[in-house]
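**Q**
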Amino acid sequence: MRGHRTTQADSTQEALLTLGRLVDQALERIRIERARAELAEALQRHLLPPQLPRVPLLDIAARYTPSHDGFDVGGDWYDAFLMTNGSVGITIGDVQGHDVESIAFMGQARTSLRALACATTDPGEVLRRANDLLISMGCGLFATCCFLTFDPRTGALAVSRAGHIPMVWANATGQSGIILDSGGPPLGILQGETYPVTRRQLTEPGSLVMVTDGVVEGPSCPIEKGLDEVVRLVRLGYDGDPDELAGEVVKVADLTGHCDDAAVLVVHYAGLPVAG
647 MRGHRTTQAD STQEALLTLG RLVDQALERI RIERARAELA EALQRHLLPP QLPRVPLLDI
707 AARYTPSHDG FDVGGDWYDA FLMTNGSVGI TIGDVQGHDV ESIAFMGQAR TSLRALACAT
767 TDPGEVLRRA NDLLISMGCG LFATCCFLTF DPRTGALAVS RAGHIPMVWA NATGQSGIIL
827 DSGGPPLGIL QGETYPVTRR QLTEPGSLVM VTDGVVEGPS CPIEKGLDEV VRLVRLGYDG
887 DPDELAGEVV KVADLTGHCD DAAVLVVHYA GLPVAG
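One point on numbering: in the numbering used here, the residue at position 270 of the sequence shown is 916, and numbering is uninterrupted.
Here's what the structure looks like:
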């Protein structure tokens, strides 16, 4: 009887030691994954612009929130910069995947767009060249993107999209909606693609809002519903602080059930200057 009790105790102790080792291994894997996610998020934030340009008659604000999953970080980006002709180049995009490779590709895409915008101010041509350049790098990834140029002195707007979600807008006349312009395929899929350009003339004060799909689409929210909610928010806040509007729009991601990261870019225009 005494030997049986000793054997049972030893077995119990061995089982507890095994369980303890498994718990330690699981905690170590969690620690490594969390460190990987924190590193990826820090890398992504480092690749995003530290500040957006200040331009007369134009206010630009952005918001980015990481994945709700906590371990997956995607390749969403936004950017805005002055161009050689005095216009402002503004872009937002989303890279396929949720890993460090996606973030690296995001950095390549954002840098390529900036560099190519020094050679041409036509947004469709910028996307065409960026598409061919990214394919030539052989990364095997793709990205959706919206690239626009805007001259606040004249109100001239030119927009080109590469498979990306359309923009939302509202202005002082009470008009608002979704800009359903034509576009081309995502960047990085097929060589030699072309990207149509839609041109408009803005005269009234108003706001343009660009988002990534993590804001407006998810398991519990079709993209149409998400965009309608963004339209509602932009209609209410187009003439307010663009940073506050960006903060309200990015909250739409909480309604979608999406675990993707999310980016929002708000462009507020004060309207054509009054001739003196």
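All C-beta atoms in this analysis are idealised placements derived from N, C-alpha and C, irrespective of residue type, glycine included.
Are the CB atoms of alanine 726 and alanine 755 nearer to each other than 9 Å?
**A** no
**Q** Which full runs of the beta strand (DSSP E) of 3+ residues lie inside the stretch 844-915, going along the chain?
**A** 844-847, 852-857, 908-915
**Q** Between the stretch 779-789 and the stretch 849-862, are three or more C-beta pairs nearer than 8 Å?
**A** no
**Q** Measuring alpha carbon to alpha carbon, tell me which residue in Gly735, Cys785, Gln742 is nearest leucine 762.
**A** Gly735
**Q** Tell me the residue span of the alpha helix (DSSP H) that contains glycine 770.
**A** 769-782
**Q** Counting C-beta neighbours from all protein chains within 10 Å, is the total for leucine 833 16 or more, i.e. buried, or is it exposed?
**A** buried
**Q** What residues match up with leucine 759 in a beta bridge as DSSP calls it?
**A** Paired residues: none, contrary to the question.
**Q** If I measure Cβ to Cβ from valine 843 and keep anything under 8 Å in the same chain, skipping five residues before and after, which residues do I get?
**A** Asp768, Pro769, Gly770, Ala804, Val805, Ser806
**Q** Can you tell which of Pro868, Met856, Asp907, Val877 has its C-alpha closest to the C-alpha of valine 913?
**A** With respect to the C-alpha of valine 913, the residue from Pro868, Met856, Asp907, Val877 having the closest C-alpha is Met856.
**Q** Going by the DSSP bridge assignment, what does phenylalanine 793 pair with across the sheet?
**A** Thr737, Ser806
**Q** Once the 5 residues before and after arginine 760 are set aside, which same chain residues still bring their CB inside 8 Å of it?
**A** Counting only Cβ-Cβ distances below 8 Å, and skipping sequence neighbours, we find Asp725, Phe727, Gly735.
**Q** I need the straight-line Cα distance from glycine 716 to leucine 911, nearest angstrom please.
**A** In this predicted model, glycine 716 has a pLDDT of only 48, less than 50, meaning its place in the structure is not dependable; the value taken from the coordinates is given anyway. Rounded to whole angstroms, glycine 716 to leucine 911 spans 23 Å at the Cα level.
**Q** Could you check the C-alpha separation between histidine 810 and glutamate 660 for me, to the nearest Å?
**A** Near 57 Å, if we compare the C-alpha coordinates of glutamate 660 and histidine 810.
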